[in-house]
Amino acid sequence: MRILVIEDEPQLARHVVGALSRHGHAATAQNDGILGLALALEQQPDLVVLDLNLPGLDGLSVLAKLREAKNPARVIILTARGDVEHRVKGLKAGADDYLAKPFSMEELVARIEALGRRVATPASTDLLEAGDLRLDVQRRRVTRAGHNIALSPREFDVLQVLMQEPTRVFSRTELCERVWQRDHEYDTRTVEIFIARLRKKVDAGFKDPLIHTIRSVGYTIRPPDRTQATTE
Ligand code: CA
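The opening position of the sequence shown corresponds to residue 6 in my numbering, with each subsequent residue numbered one higher.
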């Protein structure tokens, strides 16, 4: 993967670039928010490792501008340990994952490679449907009632898992494992934020919502004609 590391602690940036290079990635570092954003927009990396506290422009603003520009890079944010507020803000602003400082390089590399992997798809079909919602696995395109919906890579992955088995209820834990490959650090809040982001993009403005919360169980996607019987 081509990876841009936006981090202003020179030693940490060096270590991260070194570890990623050893794992076969083309990694470069930038130590300033404004310059980092410019480089991300120009070079279109596959993934951005983004520190939040940066000179020039803070990480959350860099992230917002990347998403505003519809930049498709996957973004993993680096937060101070216990900094829940920033983590939540980062995920809401369009980040795909986060890592709390201090972290081990093995963990960062594992997270990055998990983000690079596509969610496994049954070979049967490339076009998933639920009601008037269509998801094209190969082209990574989503439309509802014929209108294009722009999703971040991780939003797409969550929706893809739900749409592979419409009407099946996925627990937050299962979604977390399927999408983020986090098997030990289970985090319901992350899943909830992504579902909220998806609802805004997929269901807002439509009479029949497709994404449903099944209380105490999890989430499911259902075409409208099947919702009457069992919706809470
Ligand atoms: Ca910093």
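The beta-carbon is built from N, C-alpha and C at its ideal position, and this holds for glycine as well.
Which of helix, strand or coil DSSP assigns to residue i
i      : result
His30  : coil
Gly136 : coil
Lys212 : coil
Thr126 : With a pLDDT of only 44 at Thr126, under the threshold of 50, the placement of this residue in the model should not be trusted; the figure read from the coordinates follows. Three-state DSSP puts Thr126 in coil, outside helix and strand.
Ser176 : strand
Asp230 : helix
Val53  : strand
Gln48  : helix
Asp141 : strand
Val147 : strand
Gly121 : helix
Cβ shell of residue i (< 6 Å), same chain only, five flanking positions each side left out
i      : result
Gly136 : Leu215, Pro228 and Pro229
Contacts around residue i, its chain only, beta-carbon distance under 8 Å, and the 5 residues preceding and following it disregarded
i      : result
Val114 : Ala24, Leu25 and His28
Ile8   : Leu25, His30, Ala31, Ala32, Thr33, Pro50, Asp51, Leu52, Val53, Val54 and Ile117
Met168 : Leu133, Glu134, Ala135, Leu138, Leu140 and Ile226
Leu203 : Leu156, Glu160, Val163, Leu164 and Ile216
Start-to-end residues for the alpha helix (DSSP H) that takes in residue i
i     : result
Lys75 : Unbroken run through Lys75: none, as it is neither H nor E.
Extent of the continuous beta strand (DSSP E) run through residue i
i      : result
Ala105 : Asp102 to Lys106
Arg7   : Arg7 to Ile11
CA nearest to the CA of residue i, picked from the options
i     : options                       : result
Ala69 : Asp88, Leu96, Gly87 and Thr84 : Leu96
Leu62 : Asp37, Asn153 and His91       : Asp37
Inset, instruction - Count the C-beta pairs between the region 65-79 and the region 44-52 that are closer than 8 Å, then say yes if the count reaches three, no if not. - result: yes
Inset, instruction - For the region 6-20 and the region 53-70, state whether three or more C-beta atom pairs, one from each stretch, are separated by less than 8 Å. - result: yes
Inset, instruction - Please determine if the region 211-226 and the region 175-184 are in contact, where contact requires at least 3 C-beta pairs separated by less than 8 Å. - result: yes
Legend entry - Three CB pairs or more closer than 8 Å across the region 92-107 and the region 154-164: yes
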